[in-house]
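Undergrad: Residue 602 in this note's numbering sits at position 351 of the sequence shown, with consecutive numbering throughout.
Just so you know, even glycine gets a beta-carbon here, dropped at the ideal spot from N, CA and C.
Got a structure for you, written out below as structure tokens; questions coming shortly.
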Amino acid sequence: MVETGEKSAKAGAFGWGIIGSGESARRFASDLSLLPDAALVANHSRMLSSAEKFRETFGSAHAYADLDSFIADPAIDAVYIATPSSLHLAQALKALRSGKPVLIDRPLAPSHTEADVIQREATRGNILAMEAASARFLPAVIAAKKKVDAGEIGAVRRITAELSVLHAFDAESRFFNRSLGGGAGLTFGTDCVSLAMHLLGQPQKVSGLWHAAPNGVDMRCEIALHYDEAEARLSSGLDEDGANHFVIEGAKGAIRIDAPFTGARSLTTFHGFALTPPFGPLPATRGVLGNLLARLPIPGRAVEDHPFSGTGLQFQTMAVMAAIRAGKTGAELMPLADSINALRAVNIVLSQPATQRIIKL
């Protein structure tokens with residue numbers, strides 16, 4: 252437990268306020284403690300008891316149950332919104348209209364139309380608003396993009412990514428409750444789409460299919476982004492634990508951002524013999540045999556480690572603080588337009604009727 256007020260007492264520290272007290276809020280607060288120039292100065296929860304418990308655990312200076320009082324706290328330099336996506340629009344608008352920059356847990360909103368409203372308000376007020384798509388800021392992901400941009404694997408031909416985590420069906424949980432922004436596409440799919448678009452840009456066409464949970468929310472969502480000379484096949488699900496890596500295949504080689512790619516601490520490059528099965532970037536087997544094959548020294552395969560403390564949220568947080576201190580309205584790596592475009596792609600697929608039986612693209 253952090254002593255209450257310890258970080259907020261540091262002179263010159265950037266003051267963060269957190270809305271929410273669930274897992275996302277806890278991860279953000281924990282990683283915030285890794286930054287010597289940042290302080291958790293306030294937190295909000297609908298129940299004051301929850302807000303007070305969060306304050307005691309993470310050393311926030313003030314706990315609030317009233318959102319207006321929280322937003323008005325002069326010590327807050329920026330707000331992290333860590334609530335279900337169905338609440339993001341209203342909370343972001345309240346903060347932005349009060350002059351507070353916002354970092355919003357992904358997905359930015361349940362739909363690209365709501366995300367558009369957030370963008371318009373941020374633009375009108377000339378204030379930073381950004382989705383917390385933290386994967387783009389991870390050292391391993393930045394290294395992978397540099398390799399792609401430098402032509403180390405040649406022109407990108409295909410991206411294959413999966414982000415699936417098994418969750419037992421519970422219609423009331425945030426993962427399956429439509430009113431809370433549940434479903435595989437919004438929970439995990441936007442991560443895959445956002446990173447693919449970060450590497451390939453906007454696609455010429457979006458296609459896909461999805462399978463419904465018993466209450467009609469998407470249990471699994473498969474999305475394909477089509478380009479003139481490349482394709483991204485992206486899978487997200489609540490029905491199983493997936494491989495959860497992100498593979499970029501080029502004309503001369505491949506790069507795998509190792510699992511889980513949203514918190515990657517390593518990447519693997521493949522050239523020549525290492526591209527052939529069963530050693531290639533898309534493992535043919537899992538379990539003991541798969542782990543053995545992954546550890547064997549294979550010519551043309553190289554693992555590059557990028558370790559860090561915490562869960563990796565600190566890198567995006569540093570970028571946001573640097574942008575605000577520089578008077579900018581966004582961080583270069585994660586413009587709001589990218590978040591809107593990723594949401595649009597997911598919404599396109601989910602607007603179609605569900606399939607009875609899904610086959611991964």
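1. In whole angstroms, give me the CA-to-CA distance for D282 and A333.
2. Can you tell me whether P528 is buried or exposed, with buried defined as 16 or more other CB within 10 angstroms of its CB?
3. Classify F309: buried if its beta carbon has 16 or more other beta carbons within 10 angstroms, exposed otherwise.
4. In three-state terms, what does DSSP make of A276?
5. Taking the C-alpha atoms as reference points, what is the distance between A447 and P558?
6. By alpha-carbon positions, which one of D288, E413, M298 and L437 ends up nearest to V600?
7. Identify the continuous alpha helix (DSSP H) that holds S301 and give its terminal residues.
8. Taking C-alpha atoms, which residue in L318, R306 and P335 lies nearest to S430?
9. Alpha carbon to alpha carbon, what distance is there between L564 and A276?
10. Please work out which residues of its chain come closer than 8 Å, Cβ to Cβ, to P390, disregarding the five sequence neighbours upstream and downstream, and give them in chain order.
11. Please say whether R375 and A481 have beta carbons closer to each other than 9 Å?
12. Start and end of the alpha helix (DSSP H) containing T562?
13. Under 6 Å Cβ to Cβ from M585, same chain only, skipping five residues before and after it: list those, please.
14. Please work out which residues of its chain come closer than 8 Å, Cβ to Cβ, to L547, disregarding the five sequence neighbours upstream and downstream, and give them in chain order.
15. In or out: G271 buried (at least 16 other Cβ within 10 Å) or exposed?
16. Let me know the secondary structure DSSP gives T527 once reduced to three states.
17. Once DSSP output is grouped into helix, strand and coil, what is the label at L489?
18. When burial is assigned at 16 or more other CB atoms within 10 Å of the CB, is M298 buried or exposed?
19. So is P287 buried or exposed if we call it buried at 16+ other beta carbons inside 10 Å?
20. Determine the burial state of S424: buried for a count of at least 16 other Cβ atoms within 10 Å of its Cβ, exposed for fewer.
21. Would DSSP call A381 helix, strand or coil?
22. Can you give me the C-alpha to C-alpha distance between E257 and S284, rounded to a whole angstrom?
23. Quick one: residues in its chain with C-beta nearer than 8 Å to the C-beta of V571, no 5 flanking neighbours on either side, listed in chain order?
24. Opposite D469 in the DSSP bridges: which residues?
25. Do I474 and V392 have their beta-carbon atoms positioned less than 9 Å apart in this structure?
26. Within 9 Å (strictly less), CB to CB, does V353 reach chain D?
27. Quick one: is G493 buried, meaning 16 or more other Cβ sit within 10 Å of its Cβ, or exposed?
28. Classify T364 as buried or exposed, calling it buried when 16 or more other Cβ atoms lie within 10 Å of its own Cβ.
29. Just to confirm the assignment, what range does the alpha helix (DSSP H) spanning N320 have?
30. Classify D469 as buried or exposed, calling it buried when 16 or more other Cβ atoms lie within 10 Å of its own Cβ.
TA: Reading it off the structure:
1. 14 Å
2. exposed
3. buried
4. helix
5. 23 Å
6. L437
7. L299 to F309
8. P335
9. 11 Å
10. H557, F559 and F566
11. no
12. Run containing T562: none; DSSP gives neither H nor E here.
13. M381, A384 and R387
14. F530
15. buried
16. coil
17. coil
18. exposed
19. exposed
20. exposed
21. Sequence check: residue 381 is Met here, not Ala. Note: M381 maps to strand in three-state DSSP.
22. With a pLDDT of 40 at E257, under the threshold of 50, the predicted position of this residue should be treated as unreliable, and no value is reported.
23. A329, P352, L354, L379, M381 and A582
24. A463
25. no
26. Considering every chain present, this structure includes no chain D. It has just one protein chain.
27. buried
28. exposed
29. Checking the sequence shown, residue 320 turns out to be Ser, not Asn. Here the alpha helix (DSSP H) through S320 covers L318 to I322.
30. buried
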